[in-house]
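Here the sequence shown is numbered in the working numbering, starting from 359 and rising by one per residue. All C-beta atoms, glycine included, are put in the ideal place defined by N, C-alpha and C.
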Amino acid sequence: MCGIVGYIGNKQAQPVLVSGLKRLEYRGYDSAGIATLNQKGTATLLREKGKVAELEKKVATHKTADQVGIGHTRWATHGAPSKRNAHPHTVGDIYLVHNGIIENYQDLKAELIKHDYDFKSDTDTEVLTALIDYLYKDAASLLDAVSGALKMVVGAYGIAVLSVKNPEEIVVARKGSPLIVGVGDDEVFVASDGSALVGYTDQVVYLHDGEIGLCTREGVQLYDIDANTVDAKVEKLEMDLQSIQKKGFDHFLLKEIYEQPESLRSTLSGRVNTDTMTAKLGGLNMSDEELRAIENVMVIGCGTAYYAGLQAGYLVEQFVGDVTFNSYIASELRYRSFAVPKNTVALIVSQSGETADTLACLMELKRRGVRTLGVVNAVGSTIAREVDGGVYVHVGAEISVASTKAFTSQVAAIMIFGLMVAQAKGVGVKEISDYIRELELLPSEIEKCIVAHDKEMERLAKKYAQYEHALYIGRDTLYPVALEGALKMKEVGYVHAEGYAAGELKHGPIALIDDTFFEVFYLQDNWLYEKAQSNLIEMNARGAHAIVITDTDKRIAAEHVIRVNTKLHLLTPLVFNVLSQLFAYYVAVMRGNDVDQPRNLAKSVTVE
Ligand code: M6R
359 MCGIVGYIGN KQAQPVLVSG LKRLEYRGYD SAGIATLNQK GTATLLREKG KVAELEKKVA
419 THKTADQVGI GHTRWATHGA PSKRNAHPHT VGDIYLVHNG IIENYQDLKA ELIKHDYDFK
479 SDTDTEVLTA LIDYLYKDAA SLLDAVSGAL KMVVGAYGIA VLSVKNPEEI VVARKGSPLI
539 VGVGDDEVFV ASDGSALVGY TDQVVYLHDG EIGLCTREGV QLYDIDANTV DAKVEKLEMD
599 LQSIQKKGFD HFLLKEIYEQ PESLRSTLSG RVNTDTMTAK LGGLNMSDEE LRAIENVMVI
659 GCGTAYYAGL QAGYLVEQFV GDVTFNSYIA SELRYRSFAV PKNTVALIVS QSGETADTLA
719 CLMELKRRGV RTLGVVNAVG STIAREVDGG VYVHVGAEIS VASTKAFTSQ VAAIMIFGLM
779 VAQAKGVGVK EISDYIRELE LLPSEIEKCI VAHDKEMERL AKKYAQYEHA LYIGRDTLYP
839 VALEGALKMK EVGYVHAEGY AAGELKHGPI ALIDDTFFEV FYLQDNWLYE KAQSNLIEMN
899 ARGAHAIVIT DTDKRIAAEH VIRVNTKLHL LTPLVFNVLS QLFAYYVAVM RGNDVDQPRN
959 LAKSVTVE
C-alpha cells in the first residue's frame, strides 16, 4: 500500500525515481511525488494528484541534475487524494515519504503546534516530518533525529527521509511496512518493493522491523532503534525484468491469467509425484510425527487469499480424514475471542506477505504458541520471515491489483500440505491418488480451458457488460469459486456482484432476481448435480439471466451455457475459476475501467 523509492549515487535522480514509482504504482495510485536535493542542499519538490504519469509530465518541465532523492505513490489513508496530501511531505529542513499509519499523530500534532509548527495537509505523515525536524534542531545527526522520533510514534511505517542540512544521505526505517535497500556501484536505491530495483541492482538488504538504515553513495549502514549498529545481510533479489513487463498483453491482468499454467507448474514442481503418488513440501520444518499430530488447521487470509483458503479447505477435507480445516478472514479473526484447539497449525496465506490484518493474526497466533506456516508468494516478505515454516507459491511477480495466478497456486499449495498431513496420518494411496493425479494435470487443463474459451468469454462480456448487478452461485466446492468470481467482477468490473451458496438462494437472495441482474451459475456433473440444478431451475422460474459454467453435456436451460471439456473432476472448480477471471477482465475492458489499477484499491494492504 503506497510505494516508496529513493536514490543516491552518480545518476540523475529524477528518472530513476519516476521509473521506480511506475513499477510501484500498483501499490497505490491516487497521487505521487518526488523530492530531490542538489549538493548545496537545495530541494526540488514535485507532487501531483493522480497517477505517476501526471507527475512525470511535471518532472519533464522541472528537470534537475540532482543525484539524491526520494519518491512516493500514494493510496490515501489520512486525508483525501490531493496534491496537498501527496508525499513527500516537507517541514523545515526535512523531506519525508511514508507508508503505513502513525496512530498517535493527533497527540504528536497537538504537542508540535505548541512549538509553533503549523500543518498544511491532513496527513499523519506531515506530523512525523515535523517531529523529525523538531528533534533535529538538537540532535547530532539526521539518524539520531529519526531514531528519536520513531521512539515516540505508535503505528506502522516504512519511511525514507532527506534533510537539506546533509544532502549526502537518506535515512530509511521500517516497522510493519516493507523497505528494501538496493546496493550498486557507488549508488544506493531504496524501495518498498523489489520490483522498483529490477534492472538497477540485484544486491539487496531487507530491513527488519525496528531497523534504521543510513544510505550514502557508498552503501547502507543499519542501526537498531537505539542507534546501535546492526549487520546488514546482502541478499540476491529473485526477480527479473521479464516478470514485471506485460509481454505483449494489453494488461497485466490478462497476462497473469494466461500465466497460470506456468505459474502453477512452478508451484507444483518437485512437490507432487505421480510415480510414487506422494506430495512433499520442503520448508515446513515439521517432522512426520508432527504432521501426524495435527488435529486442526486454521487457514487465514484476506480477500482472494481467504477464498483460496476456503477453496482448499473444501477440497482437503474430502481426503484428510479426522482433521478440521477451517478458513478465517484475518481482519475478523484478529479481534475475535477465538479459542485455539490443541494440535493446531495455522496456515497464513498471502500473495504479498505484507497484508496488515493477516500479519496481525500471525503475530497473535505466535504469541499463543501456535505453529504457523506461510503460504506466501513474495520472497523475503514480512509474513514469510515471521512464520515458523512454510511454502512459497513461486508464481512470480503479480502486478495487477486483482489477484489471479496467486489464487490458483495458493489452493494448490494448501492442497499439497493437506496431502502431506493425510500421508502422515496413514490415509491410503487410493484415497489421495486422484487428487495428486489431478494436481499434475491442472496446468494443462487450465491452459486448454483458456485457449478454448477466451473468445467466448469476451463475447459474453460484450453482452453483459452493461448490467450493474450480478449473483455468482455455486454449491460445495463451487461455492468458493462463486465468492472469488464475484470479488473479481466487483473489483475490476465495478459491477455489484454477490457470491452465494446455491442452497442459500431461497433464503433471501432469490428476491433480487430481475432484469437488472445477471447470474453466473457454476454447475458440475458430480454427486450434487441434481441438487444444484434444482437451484438453477428455481432461478430460471423467476426470470434469471443465467450464465451457466459447467462440465456436463446434459441439456441445461439457461440464457448462456459455457461447456468446459476437462479431464478433471475433483479440481474442476479451479478451471471454472479461470473463466470467471476472464469474464471479469473483459467486462472491465468493455466498461472502460482501469483494469490493472482499479479505483480505490491497492495491491498490498499494509494498513488496517
Ligand atoms: O497480498 P495478499 O494476498 O495478502 O492480499 C490479500 C487481499 O488484499 C487480496 O487478495 C485482494 O483481495 C485482491 N485485490 C483480490 O483480487
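Beta-carbon separation of Ala890 and Asn898 under 8 angstroms? Counted from its first residue, the sequence shown places residue 890 at position 532. Counted from its first residue, the sequence shown places residue 898 at position 540. It is not a contact, given that the beta carbons lie outside the stated cut-off.
Have a look at Leu720 and Ile774 and give me their C-alpha separation to the nearest angstrom. Looking up residue 720 in the sequence shown gives position 362. Looking up residue 774 in the sequence shown gives position 416. One C-alpha to the other measures close to 21 angstroms.
Below 8 angstroms between beta carbons: does that hold for Ser535 and Gly506? On the sequence shown, residue 535 is found 177 positions in, with the first residue counted as 1. On the sequence shown, residue 506 is found 148 positions in, with the first residue counted as 1. Their beta carbons are not under 8 angstroms apart, which means Ser535 does not touch Gly506 by this criterion.
If you draw a straight line from the C-alpha of Ile459 to the C-alpha of Val511, how long is it? Your numbering for residue 459 matches position 101 in the sequence shown. Your numbering for residue 511 matches position 153 in the sequence shown. Their backbone Cα atoms lie some 10 angstroms apart in a straight line.
Are the stretch 540 to 554 and the stretch 579 to 587 touching by the rule of at least three beta carbon pairs closer than 8 angstroms? no
Secondary structure at Arg532, three-state DSSP: helix, strand or coil? By 1-based counting over the sequence shown, the position of residue 532 is 174. Residue state, collapsed to three classes: strand.
Out of Gly427, Glu461, Ser479 and Ile471, which one is the CA nearest neighbour of Pro439? Position 81 of the sequence shown, counting from 1, holds the residue named residue 439. Cα-wise, what sits closest to Pro439 is Ser479.
For the ligand M6R, is there any heavy atom lying closer than 7 angstroms to the beta carbon of Ala488? Position 130 of the sequence shown holds residue 488. The answer is no for Ala488.
Could you check whether the Cβ of Glu849 sits closer than 7 angstroms to any heavy atom belonging to the ligand FAD? This structure lacks the ligand FAD; its bound ligands are the ligand M6R.
For Tyr858 and Ala840, which I take to be in contact (beta-carbon distance under 8 angstroms), what is that distance rounded to the nearest angstrom? Within the sequence shown, residue 858 is the residue found at index 500, counting from 1. Within the sequence shown, residue 840 is the residue found at index 482, counting from 1. The pair is a contact, with the Cβ atoms about 6 angstroms apart (cut-off 8 angstroms).
Please look up how many angstroms separate the CB atoms of Lys467 and Val485, rounded, as I've assumed it's under 8 angstroms. Along the sequence shown, one-based indexing puts residue 467 at 109. Along the sequence shown, one-based indexing puts residue 485 at 127. Right, the Cβ-Cβ distance comes to about 5 angstroms (below 8 angstroms), so this counts as a contact.
Check: Gln939 C-beta below 7 angstroms from any heavy atom of the ligand M6R: Here residue 939 refers to the residue found at position 581 of the sequence shown. Checking the Cβ of Gln939 against the ligand M6R gives no.
My output table needs one value for Gln618: the three-state DSSP class, helix, strand or coil. Position 260 of the sequence shown, counted from the start, is the residue given in the question as residue 618. Three-state DSSP puts Gln618 in a helix.
Whose CB is closer than 5 angstroms to a heavy atom of the ligand M6R? List the residues in chain order. Cys660, Gly661, Thr662, Ala663, Ser708, Gln709, Ser710, Thr713, Ala760, Ser761 and Val963
By how many angstroms is the C-alpha of Leu926 removed from the C-alpha of Glu796? Your numbering for residue 796 matches position 438 in the sequence shown. Your numbering for residue 926 matches position 568 in the sequence shown. Distance between the alpha carbons of Glu796 and Leu926 is about 6 angstroms.
Quick one: any contact between the stretch 947 to 958 and the stretch 910 to 921, if contact means 3 or more CB pairs under 8 angstroms? no
On the three-state DSSP scale, how would you describe His827? Here residue 827 refers to the residue found at position 469 of the sequence shown. In this structure, His827 counts as strand in the three-state DSSP scheme.
Bridge partners of Cys573, per DSSP? The residue given as residue 573 occupies position 215 in the sequence shown. DSSP output for Cys573 lists Ile528 and Val578 as bridge partner(s).
Assuming Val678 and Gly667 make a contact with CB atoms under 8 angstroms, what is their CB distance in whole Å? On the sequence shown, position 320 is the one that residue 678 refers to. On the sequence shown, position 309 is the one that residue 667 refers to. 14 angstroms between Cβ atoms; not a contact.
Counting only the same chain and skipping the five closest in sequence on each side, list residues whose C-beta sits under 6 angstroms from that of Thr402. As a working note, residue 402 is residue 44 in the sequence shown. The answer, listed in chain order, is Thr394 and Thr422.
I need the boundaries of the alpha helix (DSSP H) containing Ala663, first residue and last residue. The residue given as residue 663 occupies position 305 in the sequence shown. Unbroken alpha helix (DSSP H) run through Ala663: Gly661 to Val674.
Let me know the secondary structure DSSP gives Gln882 once reduced to three states. Here residue 882 corresponds to residue number 524 of the sequence shown, with the count starting at 1. Reduced to three states, the DSSP call for Gln882 is coil.
Judging by CA-CA distance, which residue of Gly378, Thr400 and Tyr793 is the nearest neighbour of Ala637? Here residue 637 corresponds to residue number 279 of the sequence shown, with the count starting at 1. Cα-wise, what sits closest to Ala637 is Tyr793.
Considering only residues of the same chain and omitting the five flanking positions on each side of Gln618, which have a CB-CB separation below 6 angstroms? Against the sequence shown, residue 618 aligns to sequence position 260. Contacts found: Lys763, Thr766 and Ile804.
To the nearest angstrom, how far is it from the Cα of Arg381 to the Cα of Gly861? Stepping through the sequence shown from its first residue, residue 381 is reached at position 23. Stepping through the sequence shown from its first residue, residue 861 is reached at position 503. Cα to Cα, the separation comes out at about 44 angstroms.
Leu731 and Leu642 - do their beta-carbons sit closer together than 8 angstroms? The count along the sequence shown starts at 1 and reaches residue 642 at position 284. The count along the sequence shown starts at 1 and reaches residue 731 at position 373. A contact, by the Cβ cut-off of 8 angstroms.
Go to Tyr837, then tell me how far its alpha helix (DSSP H) extends in each direction, as first and last residue. Translated into positions along the sequence shown, residue 837 becomes position 479. Counting along the chain, the alpha helix (DSSP H) containing Tyr837 begins and ends at Tyr837 to Gly851.
May I have a chain-ordered list of the beta strand (DSSP E) segments no shorter than 3 residues that lie completely inside the stretch 451 to 530? 452 to 460 and 513 to 521
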